Structures are given as C-alpha cells and as structure tokens.
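**Q** In the UniProt record's numbering, the protein residues as written are 1 to 432.
(1) Is the beta carbon of residue 307 closer than 9 Å to that of residue 327?
(2) Under a three-way DSSP split, which group does residue 17 fall into?
(3) Is it the case that the region 4-21 contacts the region 38-50, given that we only count it when at least three CB pairs across the two stretches are under 8 Å?
(4) For residue 246, I'd like the list of residues in its chain whose CB is within less than 6 Å of its CB, leaving aside the five on either flank, ordered along the chain.
(5) Express the C-alpha separation of residue 73 and residue 320 in angstroms, rounding to a whole number.
(6) Measuring only the C-alpha atoms, how far is residue 394 from residue 115?
(7) Taking the alpha-carbon positions, what's the residue 227 to residue 269 distance?
(8) How do the region 336-356 and the region 160-178 stand: do at least 3 beta-carbon pairs fall below 8 Å, yes or no?
(9) Measure the C-alpha to C-alpha separation of residue 166 and residue 202 and round it to an integer number of angstroms.
(10) Pick from 94, 85, 106, 86: whose alpha carbon is nearest that of residue 69?
(11) Enumerate in chain order the residues of its own chain whose CB-to-CB distance from residue 57 is below 8 Å, with the five nearest sequence positions on each side excluded.
(12) When the Cα of residue 109 is compared with those of 119, 141, 186, 220, which residue comes out closest?
(13) Excluding five sequence neighbours on each side, which residues of the same chain lie with their C-beta closer than 7 Å to the C-beta of residue 452?
(14) Do residue 254 and residue 211 have their beta-carbon atoms positioned less than 9 Å apart in this structure?
(15) Closest by CA to residue 300, which one among 237, 94, 83, 131?
(16) Exposed or buried, which one is residue 333 when buried takes at least 16 other CB atoms within 10 Å?
(17) Would residue 123 and residue 305 be called neighbours here (beta carbons separated by less than 9 Å)?
(18) Helix, strand or coil for residue 33, going by three-state DSSP, please let me know.
(19) Taking the beta carbon of residue 34 as the centre, do at least 16 other beta carbons fall within 10 Å, making it buried, or is it exposed?
(20) Identify the continuous beta strand (DSSP E) that holds residue 114 and give its terminal residues.
(21) Along the chain, where does the alpha helix (DSSP H) that runs through residue 297 open and close?
(22) Between residue 338 and chain D, is any beta-carbon pair separated by less than 9 Å?
(23) On the three-state DSSP scale, how would you describe residue 433?
(24) Does the region 288-295 touch the region 141-150, meaning 3 or more C-beta pairs lie closer than 8 Å?
(25) Along the chain, where does the beta strand (DSSP E) that runs through residue 138 open and close?
(26) Using a Cβ-Cβ cutoff of less than 6 Å, which residues in the same chain neighbour residue 181 once the five nearest sequence positions on both sides are dropped?
This is the structure we're talking about:
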C-alpha cells in the first residue's frame, strides 16, 4: 500500500531507554505507513557535552532544534538527561548542562498539556477518577529560568529594577544575612507569556469541553502569583475575538463561550486545588504555573495508573506549532538492565500516543487523521485485550504478584501493537 505523505518534522533524539524505544516506534509503527521528512538533532548528553551543546560557533544544538521546531511547526523530543552531580561524574561531563526541555520551552513559549490515556482494565490509584484530568503547564520561566546562587557569608541580597526610559531605579531588599551565608534566587515571568498561557488554556478547555481551574498561591506571593490570577480573570471576562464568517463578523468572549457550553473558569489556591482534584471524579482542565505543573502532572499520571500512559504536547501561542515530549524520564533503571543484556518491560505508550495531536499539524489530509486515530485505538485495544507491559500488569495484580506470563517485554509489546495495527489497517483500508 502507498504511504501517507506528510511534511517535515523535527526529531530530537534523547538518552537511554527512551532513545532505543523511539527508534523502534519509528521503524515498526510510523515509517511503514507514513512518509516523513525528518530533520534530526542529537540532544543526547554525550553529544551535548562533546559539542559544548553547539552546532555552530555560538549556537546551542538545543537552541537550533527549538528554532527548527518554530520553522517547521512540528517537533518530537525524546526524554533527555539533565545532569546532576552524579551524572556529571558518570559521563565525565565538562559542566552541569541545563535542561534541554527548559531551553526549548523558553524559546517556543506555550503550554504543555498532559493527559492520561485511560484503559478500562487498568485500575486507578485514585479510584474516584472516572474522567480525564488535563494538566496545562505554563512552559516559561519561573524557577526554570531563575538566577540562583549560594550566599557565601554575611551580607545583603537586593533586587534592583532599572527602567529602560532612564527613570529612577527601584530597589528591594530580599534578605540581610547576619548569621552567615545561605541561598538566594531571583525569578521572573512576563505579561506576554502569562497572557499566551491564559489564551491557550481557555482555548484548549473549550476544545475539550472541560471546565478550567487555575491554581496559584497568591495569598503568599501577592504580586507574583497575583499577576497570574489577575491576567487570567481579565482575559476570561473582557477579551473579545473577532471571528470572520461568511455572513458577518461575530464578537465573543471566553466567559460567554464557556457559559454556552455549560462550563466555567475558576481560580483556586494550589493547596485547595490539590485536595479538590483528589476527591473529584475528574473531568476538568487544571492550569498550573511551571513548577506546579511539573509536579502535579506526574502525580495525576500515577493516579490514573502509570507515568507511561501520559500524553505530553507543547502547544505554542501561534496555535499551529506543537512539540511532543516524553511525559517521563529516560528510564535509567531499564537502560542499565538493557546494557547488561537483561530483559526489560518498558511502557512505550507515552512516547507515541502524541501522534493524534502532533501529526494532524503536519497535514490536513483525512488519511493522516485516520491513521492517527487508528494507531491510538489499536494501542488501547491491545492493552484492554490483556497484552501489556509489566508496569500495567502491576497496576492490575500488584507488582509482587505479577508473573512473567502476565506481561510482554519491551520488544514483544511493540511487536504486538504493530501486528494489531497491520491487521486493523488491512481490514479497513480506508483508514490509510
């Protein structure tokens, strides 16, 4: 059968087990059916260190990859190592390289939307969650672009704002260290980025037809978190979009659109929101600041059963640029086993479940859309038929009770999905 033709896609290769799995996914599930023009960048820790994270004299390979995603509008990023002291020693690195995810997100902006893939036979750690919970993580600045340092001794830490128009500088005393040193940090965000975060959150909630909650700790960070709260509320109540139709221009606001769909937006304190999420049945979108989204997305994923069953897509403010990321790490423990020639059972679902959202941006043709839906359906059907990796078998039986016959290894599982996908496509050629 003829392959589906699709446009260019930026591939960012990563580290350890997810790098191996991504190659298998391409060879078994994508390349046999889709013709992709792949623009590849190697973001492995070894290559970043060897090249000083550069592809040109003054250009980071990570930055080049992000700029390529901006150019071609579609990117796929495997999980990468952000080194700590142990990793620096392990790989004999020249320095403690920064997070590629943080660099890419700060360049592209946008919001990372994470959503669990729900299978009927996988029990939830939070049994009351009957509907999906979508985490919208603001993918810009805060702790991820902060300046932090160790204060070496007694002294004063100050923040100074110097107006660009030559106005009088404004100075704030952060802390006077009188009993020795400590640590200090300065972080920021921008109105433009927060506004983009708000727009993408409201739009995505309307698309998914879910109510939207946004959480901060504005009772403590009255100015910082208060800015997030105020911008969201102002855009929700006052922002107007001009939609051009064939007959006339229509003005509408988010609040009106939400009410028309019987939805709502509400700001909540982060601690109150965490408690609400745990006792809810799900069925909502949760907009989080950068760090909160980092933490809560993993918590929600595990609550639904497994980190391996989580989609993660960065949706940029232009509405057309998307970048898929792994919602989990590089699966180091499994990689160590793989290096030793031992069998692994690594869940790859989160590494290719993004196809529906991602590949639809490559082309508007129906064949590609049908293929994306079929791949997702096949994956869920395979698991619900009892063919799964060890982590999912552990969700059902409890890991201590899992026997080897209860699960497939990494390669067997991907082969099973590939087999089922081929059968499904053969039975319904119209899906290609």
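Ideal Cβ positions, reconstructed from N, Cα and C, are used throughout, including at glycine.
Predicted model, so just to flag it, every value in this text is computed and none were measured.
**A** In this structure, then:
(1) yes
(2) helix
(3) yes
(4) The pLDDT assigned to residue 246 is 39, lower than 50, so where the model puts this residue is not dependable, and the model offers no usable value.
(5) 6 Å
(6) 21 Å
(7) 14 Å
(8) no
(9) 38 Å
(10) 106
(11) Its pLDDT being 48, under 50, residue 57 is placed unreliably in this model, and the value from its coordinates should be taken loosely. Hits under 8 Å: none found.
(12) 141
(13) In the structure displayed, the chain extends from 1 to 432; residue 452 sits before or after that span and is not available.
(14) no
(15) 131
(16) exposed
(17) Yes, they are a contact pair.
(18) In the structure shown, residue 33 sits in coil (DSSP, three-state: anything other than H, G, I, E or B).
(19) By the neighbour-count rule (16 or more Cβ atoms within 10 Å), residue 34 is buried.
(20) 111-116
(21) 290-303
(22) Absent from the structure is chain D; it holds one protein chain and no more.
(23) The chain is shown only over 1 to 432; residue 433 falls outside these bounds and no answer can be derived.
(24) yes
(25) Its beta strand (DSSP E) spans residues 133-138.
(26) Closer than 6 Å at the Cβ level, and outside the excluded window around residue 181, lie 151, 152, 153.
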